[in-house]
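Everything in the sequence shown is counted per our numbering, starting at 23 for the first residue and increasing by one. Comments concern the structure below.
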Amino acid sequence: MANPTDDELKQVYADTKTIAVVGASNDPKKPGHNIPAYLQTQGYKIIPVNPKGGEIFGEPVRASLADVDESIDVVDVFRPSEETPEIAREAVKAGAKVLWLQTGIQSDEAERIAREGGLTVVMNTCMGATHRRLGLGPGPD
23 MANPTDDELK
33 QVYADTKTIA
43 VVGASNDPKK
53 PGHNIPAYLQ
63 TQGYKIIPVN
73 PKGGEIFGEP
83 VRASLADVDE
93 SIDVVDVFRP
103 SEETPEIARE
113 AVKAGAKVLW
123 LQTGIQSDEA
133 ERIAREGGLT
143 VVMNTCMGAT
153 HRRLGLGPGP
163 D
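Here you go:
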């Protein structure tokens, strides 16, 4: 299926307060760091998810989506496509509204799981660059 329209994407951003970032990274050279860091500057609460633990973006890192004990609007994924079906299952269980697979990440199975669970799905698209393209902010560096 196609990604949401620009109007639908604008609504996703408008409705989003909390973004769980699966594959969040402490390495500023990685998109899993600079994209969520940018989104945080735009007023979104970022919940980093990475089994390595620690702290990223001033937030405690959760080992998995199951460890997030607050409402999640978007699950933003920086992991290989083959890992996304399980992430989609976890996103459905967590009650997320959107599964967002970053640039280069696509999975028909993850899409099916998420859609059947009632989630909006965006694939192979950068959440930061789209924020800029839609005129919602300056975009990540």
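Backbone N, C-alpha and C define an ideal beta-carbon position, used for all residues, glycine too. Please read these numbers as outputs of a predicted model, since none were measured by experiment.
Can Val44 and Val99 be called in contact, C-beta distance under 8 Å?
Yes; because the gap between Cβ atoms is below 8 Å, this pair is in contact.
If we call anything under 8 Å between Cβ atoms a contact, is Gly94 one with Arg111?
Position check: residue 94 holds Ile in this sequence, whereas Gly was assumed. No.
Please identify the residue among Thr27, Ala24, Val34, Asp29 whose C-alpha is closest to the C-alpha of Val120.
The residue with the shortest Cα to Cα distance from Val120 is Val34.
So which of Ala36, Glu138, Leu156, Arg101 has the shortest CA-CA distance to Lys52?
For the residues Ala36, Glu138, Leu156, Arg101, the minimum Cα distance to Lys52 belongs to Arg101.
Using the Cβ count rule (16 or more neighbours within 10 Å means buried), how would you classify Gln128?
Its Cβ having fewer than 16 others within 10 Å, Gln128 is exposed.
DSSP state of Val144, grouped into three classes?
Three-state result, Val144: strand.
Can you find at least 3 beta carbon pairs, one from the region 58-69 and one from the region 135-146, that sit closer than 8 Å?
With a cut-off of 8 Å, the region 135-146 and the region 58-69 do not count as touching, because too few Cβ pairs lie within range.
Please name the residue or residues paired with Asp98 in a DSSP beta bridge.
The partner list for Asp98 (beta bridge, DSSP) reads Val43, Trp122.
Which one of Arg155, Val144, Lys39, Ala113 has the shortest CA to CA distance from Met23?
The shortest Cα separation from Met23 among Arg155, Val144, Lys39, Ala113 belongs to Val144.
How many whole angstroms separate the CB atoms of Ile41 and Ile68, which I take to be in contact at a CB cut-off of 8 Å?
About 6 Å separates the two Cβ atoms, so the contact holds.
Going by DSSP, what residue range makes up the alpha helix (DSSP H) through Val34?
First-last of the alpha helix (DSSP H) with Val34: 28-37.
From Asp91 to Gln124, what does the alpha carbon distance come to, in whole angstroms?
Those two C-alpha atoms are separated by around 24 Å.
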